[in-house]
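J.: Chains as they are written, first to last, in the working numbering: chain R, 1 to 620; chain Z, 621 to 992.
One structure coming up, written as structure tokens, with questions to follow.
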Amino acid sequence: MRRQREAIQDPAAEAQLFKRRALVAFSLVVLLFVIILFNMYHLQVRSYHEYQTRSEGNRIKVVPLAPNRGLIYDRNGILLAENTPVHSLEIIPEQVANLEKTLTELAELIEITPEQQQSFLQDVRRQRRFNSIALKEQLTEQEVAILAVNQHRFPGVTLEARLSRTYPFGDLFTHSIGYIGRINNNDLQRLREQELAANYAASRDIGKIGLERYYEQLLHGTVGYQEVEVNNRGRVIRTLRSDPAISGKDLILSLDVGLQLTAQQALEGLRGAVVALDPRTGAVLAFYSNPGYDPNLFVHGISSANYNALLNSSDRPLINRVTQGVYPPASTIKPHMALVGLEQGTITPSTRMWDPGYYQLPNYSRRFRDWRRWGHGWVNVYSAIIQSCDTFFYDMAVKLGIDTISDSMKQFGFGQRTGIDIHEESAAIMPSRGWKRARFNQPWYTGDTVSLGIGQSYWTTTPLQLATSTAILVNRGESVVPTLLQGTRFQGAFDGVSYQRQQALTVSDPSHWQVILDAMEQTISTQEGTAFRAFRGASYSSGGKTGTAQIVSIAQDAEYDADALDERHRDNAMYVGYAPAVDPTIVVAIVVENTGGGGSTAAPVARQLFDYYFSAGVNQ
Amino acid sequence: MNDVISESQRPRGLAIFHIDTPLLLGLLALMGFGLVVLYSASGQSQAMMQAQLIRLGLALAVMVVFAQISPLTYKRWGLPVFVLGLLMLIAVLLVGEIGKGAQRWLNLGFVRFQPSELMKLAVPLAIAWFISNHNLPPKLWRLLLGFVMCVIPTLLIAKQPDLGTALLIATSGIMVLFLAGMSWRLIAFIAALVSAFLPVMWFFVMHDYQKRRVLTFLNPETDPLGSGYHIIQSKIAIGSGGLQGKGWLQGTQSQLEFLPERHTDFIFSVLSEEFGLVGVVLLISLYLFIIARCMLIASRAQDNFSKLVAGSLTMTFFVYVFVNIGMVSGLLPVVGVPLPLVSFGGTSMVTLLAAFGILMSIGTHKRILASS
Numbered sequence: 001m002r003r004q005r006e007a008i009q010d011p012a013a014e015a016q017l018f019k020r021r022a023l024v025a026f027s028l029v030v031l032l033f034v035i036i037l038f039n040m041y042h043l044q045v046r047s048y049h050e051y052q053t054r055s056e057g058n059r060i061k062v063v064p065l066a067p068n069r070g071l072i073y074d075r076n077g078i079l080l081a082e083n084t085p086v087h088s089l090e091i092i093p094e095q096v097a098n099l100e101k102t103l104t105e106l107a108e109l110i111e112i113t114p115e116q117q118q119s120f121l122q123d124v125r126r127q128r129r130f131n132s133i134a135l136k137e138q139l140t141e142q143e144v145a146i147l148a149v150n151q152h153r154f155p156g157v158t159l160e161a162r163l164s165r166t167y168p169f170g171d172l173f174t175h176s177i178g179y180i181g182r183i184n185n186n187d188l189q190r191l192r193e194q195e196l197a198a199n200y201a202a203s204r205d206i207g208k209i210g211l212e213r214y215y216e217q218l219l220h221g222t223v224g225y226q227e228v229e230v231n232n233r234g235r236v237i238r239t240l241r242s243d244p245a246i247s248g249k250d251l252i253l254s255l256d257v258g259l260q261l262t263a264q265q266a267l268e269g270l271r272g273a274v275v276a277l278d279p280r281t282g283a284v285l286a287f288y289s290n291p292g293y294d295p296n297l298f299v300h301g302i303s304s305a306n307y308n309a310l311l312n313s314s315d316r317p318l319i320n321r322v323t324q325g326v327y328p329p330a331s332t333i334k335p336h337m338a339l340v341g342l343e344q345g346t347i348t349p350s351t352r353m354w355d356p357g358y359y360q361l362p363n364y365s366r367r368f369r370d371w372r373r374w375g376h377g378w379v380n381v382y383s384a385i386i387q388s389c390d391t392f393f394y395d396m397a398v399k400l401g402i403d404t405i406s407d408s409m410k411q412f413g414f415g416q417r418t419g420i421d422i423h424e425e426s427a428a429i430m431p432s433r434g435w436k437r438a439r440f441n442q443p444w445y446t447g448d449t450v451s452l453g454i455g456q457s458y459w460t461t462t463p464l465q466l467a468t469s470t471a472i473l474v475n476r477g478e479s480v481v482p483t484l485l486q487g488t489r490f491q492g493a494f495d496g497v498s499y500q501r502q503q504a505l506t507v508s509d510p511s512h513w514q515v516i517l518d519a520m521e522q523t524i525s526t527q528e529g530t531a532f533r534a535f536r537g538a539s540y541s542s543g544g545k546t547g548t549a550q551i552v553s554i555a556q557d558a559e560y561d562a563d564a565l566d567e568r569h570r571d572n573a574m575y576v577g578y579a580p581a582v583d584p585t586i587v588v589a590i591v592v593e594n595t596g597g598g599g600s601t602a603a604p605v606a607r608q609l610f611d612y613y614f615s616a617g618v619n620q
Numbered sequence: 621m622n623d624v625i626s627e628s629q630r631p632r633g634l635a636i637f638h639i640d641t642p643l644l645l646g647l648l649a650l651m652g653f654g655l656v657v658l659y660s661a662s663g664q665s666q667a668m669m670q671a672q673l674i675r676l677g678l679a680l681a682v683m684v685v686f687a688q689i690s691p692l693t694y695k696r697w698g699l700p701v702f703v704l705g706l707l708m709l710i711a712v713l714l715v716g717e718i719g720k721g722a723q724r725w726l727n728l729g730f731v732r733f734q735p736s737e738l739m740k741l742a743v744p745l746a747i748a749w750f751i752s753n754h755n756l757p758p759k760l761w762r763l764l765l766g767f768v769m770c771v772i773p774t775l776l777i778a779k780q781p782d783l784g785t786a787l788l789i790a791t792s793g794i795m796v797l798f799l800a801g802m803s804w805r806l807i808a809f810i811a812a813l814v815s816a817f818l819p820v821m822w823f824f825v826m827h828d829y830q831k832r833r834v835l836t837f838l839n840p841e842t843d844p845l846g847s848g849y850h851i852i853q854s855k856i857a858i859g860s861g862g863l864q865g866k867g868w869l870q871g872t873q874s875q876l877e878f879l880p881e882r883h884t885d886f887i888f889s890v891l892s893e894e895f896g897l898v899g900v901v902l903l904i905s906l907y908l909f910i911i912a913r914c915m916l917i918a919s920r921a922q923d924n925f926s927k928l929v930a931g932s933l934t935m936t937f938f939v940y941v942f943v944n945i946g947m948v949s950g951l952l953p954v955v956g957v958p959l960p961l962v963s964f965g966g967t968s969m970v971t972l973l974a975a976f977g978i979l980m981s982i983g984t985h986k987r988i989l990a991s992s
């Protein structure tokens, strides 16, 4: 039966069966093609915009372009901070047939250390083969020349030039201009908080200190963008659109290179600070702290050996002595004290007093000694300033009392930041009852007040504060804000800063100002004056006040013997001055550490500055 | 046996050389379009174009040779070749060479050879021979035996692992059984069995990379930089082509190499990006024309063996197309199947055109067969 059925063939039925099956199969083909086409319609027509956008996002990358940093000039247009091309030797591995051979041949031309070679090979392994990788940075001019001549031998080897900040005057402007350095995590976080991070997308460096930091936003400029087409590995195929970066503004400072050099020469081998400003505006003419350091070291990242040397140097070159050096003002504030005394009626211009060479508080045995052991004899306010009589001011300080002194001196700006346009500034200390309570948890003693009269005790100031307070004297009560910036220049257009003057101090009798200024002028012009010798023969008139600050207190009966003291404990020499005597255009404050008398070491520095100032016609 | 052909039935044109003209024209049109796309997809590589042209010429020659061979000969040699192929597949697993992480190549000393390609033809021939020796529809035990003949090579190839080819070979075998008239009830039963078997496959048979492909297919956006990247970039290429495409050589996804494997498995995405939906419709029309022509040849064939072989080879060709397009457009998981006659590639092109040679043989030898 089974066999029989096997034998029977029905070709027609079988053909029919196959046709049906073939039709089913072909219908399936058509159905599945329809599904594919429907899916294509969905992708290419209905979702076209979504995929179009994603496709553009794939291929278009936005590359930020770094703006050129603004330059910095002195008042005469001399470049103080510039952008110079630094050359680096770079290799695109993809374009080099035999990397090893190329490296060997290059090493025959210029010196390539094993470390440089190693870090290069490391980068080669890490980066894409079409990226340019630096083999040696900061090439010397000679190396650049050698490589340029031989470049045809090395396909894929390029000399890349990048702009890098340089400070041609080295340490001369370190403490004013500061320097820039690589953007670090802290900088980045600050930029993010200020929502400026986008503007730094292409920037490597940022102002770290000084004017470079203070005017970062002016100097930096605005980032540009370039829209490029990239492939899947990020290689740039072509540029689609470009929006150039806008350079930063150039800064023109009121500083004068000549005055700076004068200050540097005067302080050579010494520790100290010089600041000079125009009392009419607050424009800073000289700003120098010695010793300094070379800011160029910081631009490319300072080596830890160099940095530790700076950090650990006993001369403390990193301290900006003009604004961060805090010194007892010593006798330089006697004119200020005298003005307060006149105003408070403690003394009159004709009040006389006998100076036996010391001052004693009633009922106290301790003697506050005058610098002249035998005393100045009869003194009034003029001679007390001219000869820098201590006893006169001990007495006046006690009569004024701590509260009046503290309040009045704060009006001169002591104990407060001057507001100069760099961030590195100390407020120093103008002591008061409250301050001493907070600081030492002790009441104020009258004994403390006595030495305040000669700018000792807890009182400290910065050289800049001495200069601005002296400016208030010569401006007869009006204060200025010391400003290093004179103006900015952008695309040829100069935009000057607007200087502000403020009434810091009002007096009941304006003639009191003249008393003080006359006394300061006579400090120079009369033979008894402490600065007479320093200014003898000057071709201009000027006024000033010397100071000699004790660093350690001398025991009651001991002699001050400079030779016996450790060098660091010797007196600081101070000087504040102005010129010309009438309508002054320059005020200086000078501190020279551990060199003794203000008249003998600090005043001559001022003399040199004034001499240069008038002979060179600065600020005319 | 004689060669008497009646006057009215005398073959015209190329049929004298056993060439089916409409099919040849369809294939040439597709190859031409394919070359245009490949020029763009290869990044305008002269070398690649040259290689592809040589390969196409060689494959066409193979097709012509295969067309000359009588279906009778195919029927006679189906089983021996199948057995040989099976032995070689086993040999590959034992001593085969590894290329691209899979063991597919057999080194015969003078030539490197992929036995799985041979099986693409041997499996349908052998099963069709086996089934067509008896009445249609076949008995259940024959179906089962035919199924076993199909499953053994499929598993051997899947183990290499080469999921794409395994899928194609399974299709070619099962299509023979389907076209032979296996009952719908049995089909439903097998479908149920397969769906029950899927979890077993997942846990015991599939390789990790295969599982990953499936997972990625189900949700490519979860892994945009890993294995989902291919699918996402491919869909972006297709979608951004829009209706009319970005223009020849203008596809940003393909020219900038965001598209992976752009000249091989993902060449359809290049076409979609540069020629848009219009190009896609054209391509699918060409495929549909070729498949329709082949189905016609199958249904006109005069014996069951020829019908089954022709139908099976046609459907396998379709599965090629469908799996490739489904994969690159996100309808199916990524399985390494090239777009037939368009993708850049060697062995599979020759096998494909050999299949078309067999189809042409079936289409043009029927008088001779009828008289035998």
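Ideal placement from N, C-alpha and C gives every residue a C-beta, glycine not left out.
Just so you know, these numbers come straight off a predicted model, no measurement behind them.
Quick one: grab the DSSP three-state call for H87/R.
T.: In the three-state reduction of the DSSP assignment, H87/R falls in the strand class.
J.: Report yes if the CB atom of Y359/R is closer than 8 Å to the CB atom of Y394/R, and no otherwise.
T.: yes
J.: Okay, do the stretch 186-195 of chain R and the stretch 318-331 of chain R touch, 3+ Cβ pairs below 8 Å being the bar?
T.: Verdict: no, contact absent.
J.: Could you tell me the distance, in whole angstroms, from the CA atom of G596/R to the CA atom of W459/R?
T.: 19 Å
J.: Buried or exposed: Q873/Z, going by 16 or more other Cβ atoms within 10 Å of its Cβ?
T.: buried
J.: Please identify the residue among M337/R, V588/R, M574/R whose C-alpha is closest to the C-alpha of W513/R.
T.: The option with the nearest alpha carbon to W513/R is M337/R.
J.: For K399/R, which residues from the same chain have a beta carbon less than 6 Å from its beta carbon, with the 5 sequence-adjacent residues on both sides left out?
T.: T346
J.: Secondary structure at Y445/R, three-state DSSP: helix, strand or coil?
T.: coil
J.: Would you mind reading off the limits of the beta strand (DSSP E) that contains G487/R?
T.: 485-490
J.: Buried or exposed: which applies to D828/Z, given that a residue is buried once 16 or more other Cβ atoms fall within 10 Å of its Cβ?
T.: exposed
J.: Quick one: what does DSSP say F45/R is sitting in, helix, strand or coil?
T.: The amino acid at residue 45/R is misidentified as Phe; the sequence shows Val. DSSP places V45/R in helix when its eight states are reduced to three.
J.: Exposed or buried, which one is K927/Z when buried takes at least 16 other CB atoms within 10 Å?
T.: buried
J.: Okay, do the stretch 886-904 of chain Z and the stretch 763-773 of chain Z touch, 3+ Cβ pairs below 8 Å being the bar?
T.: no
J.: Opposite P64/R in the DSSP bridges: which residues?
T.: Y225/R
J.: Alpha carbons only, please: which of P819/Z, V796/Z, A711/Z is nearest the one belonging to L776/Z?
T.: A711/Z
J.: Output, in sequence order along the chain, the residues in the stretch 7-38 of chain R whose CB is closer than 7 Å to any CB in chain Z.
T.: When C-beta distances to chain Z are compared with 7 Å, the residues of the stretch 7-38 of chain R below that value are Q9, E14, L17, F18, K19, R21, A22, A25, F26, V29, L32, F33, I36, L37, in chain order.
J.: Verify the CB distance criterion: does V45/R have a CB-CB separation below 8 Å to chain Z?
T.: yes
J.: Measure the CB-CB distance between W761/Z and G698/Z and report whether it falls below 8 Å.
T.: Contact annotation: W761/Z and G698/Z have beta-carbon atoms that are not nearer than 8 Å.
J.: Bridge partners of S289/R, per DSSP?
T.: A273/R
J.: So what does DSSP say about Y578/R, is it helix, strand or coil?
T.: strand
J.: Would you kindly work out how many angstroms separate the C-alpha atoms of I751/Z and V743/Z, rounded to a whole number?
T.: Using only the alpha carbons, I get a separation of about 12 Å.
J.: For D333/R, which beta-bridge partners are listed by DSSP?
T.: The residue you asked about is not Asp; residue 333/R is Ile in the sequence shown. According to DSSP, I333/R bridges with nothing at all.
J.: Does DSSP classify T936/Z as helix, strand or coil?
T.: Under the three-state reduction of DSSP output, T936/Z falls in the helix class.
J.: Counting Cβ pairs, one atom from each stretch, are 3 or more of them under 8 Å apart for the stretch 517-533 of chain R and the stretch 597-610 of chain R?
T.: In this structure the stretch 517-533 of chain R lies against the stretch 597-610 of chain R, because at least three pairs of beta carbons, one per stretch, are closer than 8 Å.
J.: How is I180/R classed by DSSP in three states: helix, strand or coil?
T.: DSSP, read as helix, strand or coil, puts I180/R in strand.
J.: Any C-beta of chain Z within less than 7 Å: which residues of the stretch 52-63 of chain R qualify?
T.: Q52, R54, S55, N58, R59
J.: Could you have a look at N924/Z and say whether DSSP puts it in helix, strand or coil?
T.: helix
J.: Verify the CB distance criterion: does T50/R have a CB-CB separation below 8 Å to chain Z?
T.: Reading the sequence as shown, one finds Glu at residue 50/R and not Thr. Yes, E50/R lies at the interface with chain Z (some Cβ there is under 8 Å from its Cβ).
J.: Between the alpha carbons of F878/Z and Q127/R, how many angstroms are there, rounded?
T.: Straight through space, the alpha carbons of Q127/R and F878/Z are spaced by roughly 19 Å.
J.: Quick check: the Cα distance between R621/R and N839/Z, rounded to an integer number of angstroms?
T.: The question about residue 621/R has no answer, for chain R in this structure spans 1 to 620.
J.: Between V685/Z, P691/Z, P773/Z, G784/Z, which lies nearest to D885/Z when the distance is taken from Cα to Cα?
T.: G784/Z
J.: Please list the segments of the beta strand (DSSP E) lying wholly inside the stretch 752-824 of chain Z, counting only runs of 3 or more residues, in order along the chain.
T.: none
J.: Just reading off the alpha helix (DSSP H) that G477/R is part of, what are its end residues?
T.: Here G477/R belongs to no alpha helix (DSSP H), and DSSP marks it neither H nor E.
J.: How far does the alpha helix (DSSP H) with L680/Z in it reach, from first residue to last?
T.: L680/Z -> alpha helix (DSSP H) spans 666-688.
J.: What residue ranges within the stretch 330-381 of chain R form continuous alpha helix (DSSP H) runs of no fewer than 4 residues, ordered along the chain?
T.: 334-344
J.: Taking a cut of 7 Å between CB atoms, which residues from the stretch 234-261 of chain R lie near chain Z?
T.: Result list: I237.
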